[in-house]
Amino acid sequence: MLAAIVPEPGRIEVRQVDDPAPADGEALVEVTACGVCGTDLHIIDGTYHASYPAVPGHELSGTVIEAPAGAVVAAGDRVAINPNLACRSCRPCRRGMPHLCEHAQAVGVTRPGGFAELCAVPAELCVPLPETLPLRAAALMEPVSCCLHGLSVITPRPGDRLAILGAGTIGLLMVQLVRLHGAAPICVSEPDAGKRGLALELGADAAIDPASVDAGEAIIEALGGRPDVVIEAAGLPATAQLAVQLPGPGGRVLQFGVCEEDVEVAIHPRRIFREEITVAGSYTNPFTDDRAVELLAGGRIRAEAIISDEFALEDAAAAISRAREAESLKVLLRPGA
Ligand SMILES: [Zn+2]
Ligand SMILES: [Zn+2]
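Each residue of the sequence shown is one higher than the one before, counting from -19 in the working numbering.
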């Protein structure tokens, strides 16, 4: 099969490799679409905990061509893949937090992923799709499910003032999801004009440009006061710092973006105490796949608005370059297309 491989950090090459041989309990999936995520860029750059040589790609959908007897899926089923596999016996797993597993494996990170024509995955990671959800849109199941977990951590409520820092794929999914929670008003901070426009189209009440105004002041002005919930969806030092400064009394901050390892920000313990500020993180997507599928299939989340580009697998290097450009959103690889 054809696969895009990162032999070591800094290099990606597309070449023929042996077809994966599914192990016991694994299904073989023909990949239809695989999203390029910021995490993939970190893996290619060597700044994420991947195993090399790596086949990136953890946001994949496709068709099962081989499945073990008794699995939830069978040959011919259309599926999206939850990339995260837990050991089920470490302390976090036993305490109901499989996403924080000490021995976690992940398709496209520690195991070969979806930047390939075929992908072997434990059958339990296959999420069957309804007829109404096209495979192209289903490639967004994984990012949507991660957003749903993030929102379960900070629980936005109807009428909460909400600030979202960054309107990339995650920021724009979050805009749509917090609308469903009833958050209002919603203000997005994003330097790219096209993404600001899309944020407004998808339900934000205001979109400010942090490159031309003081972002904190502009957000507070747009919301009519300090936000009750702040979602950091950029993974940058400046936005991570702003996120912990912004919330008003009782406010909650979600650090969702992936910052570089060495990023540190200042916090103000007295204010955190006095105003009961919660600063939380969220990591991956425990038990949220099915809700993500429902939202995508029902059109509550507009996947098509988020997909900006499609590339054949042969053009994986171009897809990666495109994903690094500020104005791109979700870039899809389409093996076999
Ligand atoms: Zn991702
Ligand atoms: Zn575990």
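All residues carry an ideal CB built from backbone N, CA and C; glycine is no exception. Just so we're clear, the structure is a prediction, and the values are computed from it rather than from any experiment.
- Residue 289 is positioned such that its CB atom lies closer than 8 Å to that of residue 311.
- Under the three-state reduction of DSSP, residue 1 is assigned to coil, being neither helix nor strand.
- Of the other Cβ atoms in all chains shown, 16 or more fall within 10 Å of the Cβ of residue 118; this residue is therefore buried.
- Judged by the Cβ position, residue 90 fails to qualify as a neighbour of ligand 1 at the 7 Å threshold, every heavy atom of the ligand being at least this far.
- Residue state for residue 258 is assigned as strand, using DSSP reduced to three classes.
- Distances between the C-beta of residue 79 and the heavy atoms of ligand 1 are all 7 Å or more.
- When only Cα atoms are considered, residue 64 and residue 86 end up about 5 Å apart.
- In the DSSP annotation of this structure, the continuous segment of the beta strand (DSSP E) that includes residue 39 starts and ends at 39 to 46.
- In the DSSP assignment, residue 289 forms a beta bridge with 311.
- According to the DSSP assignment, residue 271 belongs to the alpha helix (DSSP H) that extends over 269 to 277.
- Within the region 70 to 150, the complete beta strand (DSSP E) segments of 3 residues or longer fall at 98 to 102, 106 to 108, 142 to 145, listed in chain order.
- A residue is called buried when at least 16 other Cβ atoms come within 10 angstroms of its Cβ; residue 157 meets this threshold and is buried.
- Segment contact: the region 69 to 85 against the region 240 to 259, fewer than three CB-CB distances shorter than 8 Å; contact not assigned.
- Excluding residues up to 5 positions away in sequence, 120, 123, 124, 127, 281, 286 lie with their Cβ nearer than 8 Å to the Cβ of residue 153 in the same chain.
- In this structure, ligand 1 has a non-hydrogen atom nearer than 7 Å to the beta-carbon of residue 123.
- Within the same chain, -18, 313, 315 come within 6 Å of residue 293 by CB-CB distance, once the 5 residues on both sides are set aside.
- The Cβ atoms of residue 144 and residue 211 lie closer than 8 Å to each other.
- One thing to note: residue 48 has its Cβ within 8 Å of the Cβ of residue 7.
- Sequence-distant Cβ neighbours of residue 136 in its own chain, meaning closer than 7 Å and more than five residues away, are 142, 158, 161, 163, 209.
- At least one heavy atom of ligand 2 falls within 7 Å of the beta-carbon of residue 83.
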